[in-house]
Ligand code: SF4
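Numbering (our numbering), first residue to last: 6 to 365.
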């Protein structure tokens, strides 16, 4: 039986209500465990993404945040079909129709590739050192036979100007550029196809903090200029704070909280979000960066029972080790979009009567 939709929306979208560009439903990605360890048998699997559901609306930027191993990068790569999902739906609206990317063959995906672009994490290894910057940026247009000759050159020059470089940089090689400039080149390569969805996978994590801000500002400007829809993957809440409209926090392959950015920072409701929030570096040297969590992030090959966060949760109580909390919208049911979703027993009524428990 198909699981219940965790993000119920209007059955039919009335006039004036925006339909999502992307609807991810019950997405799963498992990897087989190839080596038999002492406790793992051959044939067991690692659940990298475990029942992930969210919507992405046209023109918005959503941050997908979590520690290393939370499944955010795997989820992002499944969404652009750099990885094949194990189960679930990735409903993408394109040219007036909705297609389920999860079920498409590589051949059927080809015509949709220009609309789905990925910005890679590492600007040093993601650019071919044997190609000039002009060839790198123009390559997608050549592969999809969308431009050639002087039109190709003009479009590459235009992109170079938009990312803050000059047309004369077209003949240089990647090694001649700094890390921030290389990431700009990676952004230009993705944007030259005029995609409708950009997935930026830790796009600034390999850069110095001062350069991170410049690249994020550029991404934000280009997002507004091209009316892009963006999924920004990051392990640091601070990175998403100034560029995202909404933020989804992931733990052990699931979303544990999803809200508009201001609400998530002003009123973090999940204990894991609060821990991540406390880990954001502060300018005050007396405030040390400490997320206050004991233990390691959950092992996706051996997830804890109930709430996967319970072995580390400072607010864990009786039901947490047995029952998995569902992601529920705590705001008014008549909102056009899910407003503030939380998966925690402290919020679903099971903690009523406990100190700090119950719906606040
Ligand atoms: Fe903590 Fe329990 Fe909430 Fe999980 S369900 S986050 S263990 S309080």
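All C-beta atoms in this analysis are idealised placements derived from N, C-alpha and C, irrespective of residue type, glycine included.
Cβ-Cβ separation, residue j to residue i (assumed contact under 8 Å), whole Å
| i | j | result |
| --- | --- | --- |
| residue 239 | residue 283 | The Cβ separation is near 17 Å, so there is no contact. |
| residue 277 | residue 254 | 6 Å |
| residue 168 | residue 189 | 4 Å |
| residue 259 | residue 348 | 7 Å |
| residue 138 | residue 179 | 7 Å |
| residue 232 | residue 64 | 5 Å |
| residue 300 | residue 324 | That belief does not hold up - the Cβ atoms of residue 300 and residue 324 are roughly 20 Å apart, past 8 Å. |
| residue 212 | residue 191 | So it is not a contact: roughly 11 Å between Cβ atoms. |
| residue 34 | residue 78 | At roughly 11 Å, the Cβ-Cβ gap does not stay under 8 Å, so residue 34 and residue 78 are not in contact. |
Residue i CB to nearest heavy atom of the ligand SF4 below 8 Å
| i | result |
| --- | --- |
| residue 351 | yes |
| residue 70 | no |
| residue 273 | no |
| residue 261 | yes |
| residue 315 | yes |
| residue 320 | yes |
| residue 62 | no |
| residue 330 | yes |
| residue 276 | yes |
| residue 249 | no |
| residue 395 | Residue 395 lies beyond the residue range present for the chain, which begins at 6 and ends at 365; the question has no answer from this structure. |
| residue 235 | no |
| residue 312 | yes |
Whether residue i touches residue j by CB criterion (9 Å)
| i | j | result |
| --- | --- | --- |
| residue 38 | residue 83 | no |
| residue 351 | residue 332 | no |
| residue 261 | residue 314 | yes |
| residue 85 | residue 305 | no |
| residue 142 | residue 165 | yes |
| residue 224 | residue 235 | yes |
| residue 96 | residue 106 | yes |
| residue 69 | residue 81 | yes |
| residue 49 | residue 120 | no |
| residue 162 | residue 175 | yes |
| residue 266 | residue 245 | yes |
Proximity to residue i [Cα-Cα], best of the options
| i | options | result |
| --- | --- | --- |
| residue 62 | 299, 98, 108 | 98 |
| residue 401 | 335, 80, 186 | Nothing can be reported for residue 401, as the shown portion of the chain is limited to 6 through 365. |
| residue 279 | 320, 130, 226, 212 | 320 |
| residue 25 | 66, 266, 170, 35 | 66 |
| residue 250 | 308, 146, 186, 344 | 344 |
| residue 59 | 264, 275, 272 | 264 |
| residue 129 | 303, 187, 23, 115 | 187 |
| residue 135 | 311, 312, 177, 163 | 177 |
| residue 228 | 193, 257, 256 | 193 |
| residue 100 | 112, 117, 302, 330 | 117 |
| residue 329 | 56, 171, 163 | 56 |
| residue 257 | 246, 140, 172, 308 | 308 |
| residue 366 | 246, 155, 274 | For the chain, the structure presents residues 6 to 365; residue 366 sits outside this window and is missing. |
| residue 115 | 133, 237, 145 | 145 |
| residue 312 | 355, 281, 152 | 355 |
| residue 173 | 271, 237, 140 | 140 |
CB contact check: residue i to chain B, cutoff 9 Å
| i | result |
| --- | --- |
| residue 30 | Reference to chain B is not applicable here, since this structure consists of a single protein chain. |
Per the contact definition of three or more C-beta pairs closer than 8 Å, is the stretch 29-38 in contact with the stretch 197-210? no
Segment contact, 8 Å Cβ cut-off, at least three pairs: the stretch 124-133 with the stretch 203-217: yes
Pairing CB atoms from the stretch 90-101 with CB atoms from the stretch 67-74, are three or more of them under 8 Å? no
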